[in-house]
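Counting from 1, position 161 in the sequence shown corresponds to residue 161 in the UniProt record's numbering; the numbering is continuous, with no gaps.
We put the beta carbon where it would ideally sit given N, CA and C, even for glycine.
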Amino acid sequence: MNDSDSAVKQQNLWPQEARWLHAGIATGVTLQLLTSLWMTPDWQHADYAGFTQVLFSFHAWIGLTTALFLLWQWLWIATSAPMRRQFFPWRGPWQPVWDDLRALYHGRLRRPGPAPGLAALIHGLGLLLISWMALTGTVIFFFLPQGGTSPGAVLLNVIPLHKALVYLVWTYWIGHVGMFCVHWLRRDRILDIFRLGN
Ligand code: HEM
Ligand code: HEM
């Protein structure tokens with residue numbers, strides 16, 4: 001193998017920006033799911049004296065940080081037409097998605113990497129889903145009662161919106177990590193996405 005062959009082999013499949021974005025979003029959403037299992041959002045007595053109340057504080061601040069990573073992701077998507085076609089192929093081409101479905105039907109998985117296809121479409125839908133969580137969560141943050149007052153109408157209306165799609169978020173997380181495990185067991189180059197250096 002000559003020098004240029006080995007350089008191609010070592011090149012990471014994802015651009016560095018995509019890897020940092022994924023690290024921020026994946027860590028953030030995973031922590032949000034975990035904190036949501038035990039936190040008590042008790043705003044009427046929010047003295048943060050107990051562990052579960054502190055967990056709610058974590059949920060709020062990690063949620064806002066995740067929202068910033070998502071904003072960065074959307075700005076990138078807005079400025080890149082190939083990325084828009086990859087994640088949201090509404091106007092086509094749909095061929096890569098059909099090809100992946102056909103391959104899956106015959107028990108074959110496409111190699112990992114950022115390219116149009118079924119996985120990219122599901123990643124796009126996942127991005128929309130967690131952006132909804134981040135948006136509604138950010139609204140909640142700004143309407144949290146201060147100084148022991150009762151929750152207002154905006155908060156009471158937005159909380160059900162924040163909770164409405166939680167089962168889909170869990171489904172996405174389990175499916176996504178499940179596919180990661182399948183690729184990993186097949187020894188595909190899936191770990192590249194976690195390498196943050198050059
Ligand atoms: C719910 C939290 C997560 C979200 C919203 C999320 C979102 C995404 C998105 C949007 C992509 C496409 C990235 C790109 O092509 O630029 C992606 C790819 C990927 N994610 Fe996640 N991720 C999450 C959690 C995780 C976790 C916990 C793992 C590992 C255990 C993981 C492993 C991967 C891998 C291996 C890929 C590459 C898949 C491919 O080749 O297409 N993700 N994820
Ligand atoms: C990416 C960002 C976020 C994700 C993925 C997320 C996820 C979740 C999940 C999974 C739940 C559990 C819902 C249930 O058990 O039915 C939840 C509840 C909640 N979240 Fe978030 N969250 C995010 C951001 C935020 C932010 C920024 C805030 C602001 C304070 C927030 C406030 C709340 C509250 C108040 C609840 C509890 C509702 C209740 O049990 O009455 N979230 N969130």
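Between R110 and the set V177, L127, W170, V182, the nearest pair of CA atoms involves V182. For H106, the three-state secondary structure derived from DSSP is coil. Looking at H123, L101, F56, the one whose alpha-carbon comes closest to that of M83 is H123. V29 is classed as buried because its beta carbon has at least 16 other beta carbons within 10 Å across all chains shown.
For W76, same chain residues with a beta-carbon under 6 Å away, outside a window of 5 residues either side, do not exist. Counting only runs of 4 or more residues that sit fully inside the stretch 150 to 195, the alpha helix (DSSP H) segments are 153 to 164, 166 to 185, in chain order. Here R85 has P116 as same chain residues with Cβ atoms under 7 Å from its own Cβ, once five neighbours each way along the sequence are excluded. Pairing W38 with P89, the inter-Cα distance amounts to about 38 Å. Ranked by how close their Cα comes to the Cα of Q32, the residues S57, L118, L128 have S57 in first place. The shortest CA-to-CA distance from H59 to any of Q73, F51, Y48, T35 is the one to T35. With contacts defined by Cβ atoms closer than 8 Å, G63 and G137 form a contacting pair. Within the same chain, Cβ atoms closer than 6 Å to the Cβ of L55 are found at T35, W38, M39, the five residues on either side in sequence being excluded. The set of residues with a C-beta under 6 Å from any non-hydrogen atom of ligand 1 comprises W14, A18, H22, I25, A26, V29, T30, P112, G113, P114, A119, H123, G126, L127, I130, Y172, W173, H176, V177, F180, I190, I193, given in chain order.
The beta carbon of Q10 is closer than 6 Å to none in its chain, skipping five residues each way along the sequence.
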